[in-house]
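All remarks here apply to the structure that follows.
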Amino acid sequence: GVLGGVFLGQWIAGENSTAGLRPAPSAITIAAAPSSPPADSSRPPASDFEPRWARSTALPSSLTRDEDRARLLETLAARDPARAIAIALAETNLPLRHNLLSAALRGWVRIAPDDAARWTLQRPLAERSFAAAALFAGLSGTPALALELGARFVREDPALAHDHGCSLVFALARVGEFDAATRFAGAGPTANRQAWLATAFTLWAEHQPENAVSAAVALADPALRTEAFHSAVAGWTATNPSALAEFSARLTSDADRAYALKSALGEWVNQDLVAASSWLNLRDSSTELDVGAVAVATCAPLVARRPEVALSWAESVVDVELRSGTIAAVLREWAKTAPADARRYAETSPNLRATDRSAVLTDFGAPPSS
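Per the numbering used here, residue 80 is the first one in the sequence shown, and the count goes up by one each step.
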């Protein structure tokens with residue numbers, strides 16, 4: 080029968096009660112480009128740059144100083160890109176050089192995107208990826224231009240197409256242009272499309288989960304729809320699994336609902352066993368919610384402290400085969416702290432199938448009775 084137990088919230092608080100026990104179930108050639116950008120003589124000089132740069136450079140090295148220098152170069156590049164790029168390339172500290180060059184490119188691409196793109200496409204392979212990402216970030220506030228530039232880099236730099244696409248998706252997502260990011264990803268080359276979609280929908284769901292899931296389920300291509308939906312669920316699960324569990328009831332597809340529940344409940348139990356089990360206790364047992372009951376039942380700390388509660392959750396699993404397998408898993412965990420008790424339960428429980436009982440008793444070193 081169902082063993083007596085303690086409601087999980089009170090168990091954690093150290094109080095005794097039976098009220099919360101889980102009930103028993105009833106490649107393109109690139110044109111040559113200059114090694115450095117041309118100076119723009121039509122723009123007025125950045126007269127205040129020199130003193131500000133000198134003051135910043137005179138400070139002791141620190142993250143704050145480096146960030147200030149990057150901001151100065153980004154501003155300078157919008158007026159004198161040649162000088163900004165030259166200053167960045169002269170930096171001998173490699174990580175700082177990358178940061179300064181990225182800042183200069185962000186400023187340059189806003190005033191001359193074609194020139195900045197041509198220059199970047201001629202950089203060494205090891206530098207091109209982060210440099211292109213800086214260009215996309217610089218244009219993220221103008222998504223149409225960013226998309227145009229991203230498509231150009233994917234077309235003209237196929238060796239780094241995957242990286243360029245992901246960088247564009249990140250840049251657009253950073254400013255909330257999730258729809259533009261997913262449109263770009265969905266129209267990408269076959270070899271990159273699924274990876275870009277996964278990135279786009281994961282990021283979208285981390286910030287606007289319901290919008291992301293709705294957009295994913297609306298995709299016409301079945302393969303892309305599945306990839307997008309699974310990615311959106313992953314993003315939502317990572318940020319708010321309880322909200323995803325609640326939302327799952329609104330999904331009309333049985334397969335989608337089951338997938339969302341499995342992802343949400345598994346993570347929710349890991350994050351907050353009490354809240355997740357309380358939510359489950361308010362609902363009737365069902366095969367859809369079995370995944371949650373399994374997650375609670377097999378929680379190692381619960382099994383170690385209150386094995387009867389864990390077993391009551393295992394016994395509430397509706398699917399007969401899954402129920403037996405879950406009980407077996409709980410017994411194996413329980414045997415680590417109370418092997419004799421776990422063995423006695425295995426020998427007498429009517430909820431264990433013969434194959435699971437035999438396997439468990441063999442694991443315990445006790446041959447099954449004939």
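In this text, a Cβ means the ideal position worked out from N, Cα and C, and glycines have one as well.
{"Item": "Straight-line gap, residue 428 to residue 359 (C-alpha atoms, nearest Å)", "Value": "24 Å"}
{"Item": "Contact check, residue 405 vs residue 396, beta carbons under 7 Å", "Value": "yes"}
{"Item": "Burial state of residue 204, where buried means 16 or more other Cβ atoms lie within 10 Å", "Value": "exposed"}
{"Item": "Cβ separation of residue 156 and residue 149, assumed to be a contact under 8 Å, to the nearest whole Å", "Value": "Contact doesn't hold; Cβ gap of about 11 Å is too wide."}
{"Item": "Extent of the continuous alpha helix (DSSP H) run through residue 271", "Value": "269-286"}
{"Item": "Proximity of residue 167 and residue 179 at Cβ, strictly below 7 Å", "Value": "yes"}
{"Item": "Nearest-angstrom Cα separation, counted from residue 131 out to residue 214", "Value": "25 Å"}
{"Item": "Exposed unless 16 or more other CB atoms sit within 10 angstroms - verdict on residue 361", "Value": "exposed"}
{"Item": "Enclosing alpha helix (DSSP H) for residue 418 [first to last residue]", "Value": "418-427"}
{"Item": "Endpoints, the alpha helix (DSSP H) within which residue 208 is located", "Value": "204-217"}
{"Item": "Counted within 10 angstroms of its Cβ, other Cβ atoms place residue 369 as buried (16 or more) or exposed", "Value": "buried"}
{"Item": "C-beta atoms of residue 217 and residue 185 nearer than 7 Å", "Value": "yes"}
{"Item": "N- and C-terminal bounds of the alpha helix (DSSP H) containing residue 350", "Value": "333-350"}
{"Item": "Exposure of residue 386, with buried meaning 16 or more beta-carbon neighbours within 10 Å", "Value": "buried"}
{"Item": "Among 289, 382 and 402, the one whose alpha carbon lies nearest that of residue 431", "Value": "402"}
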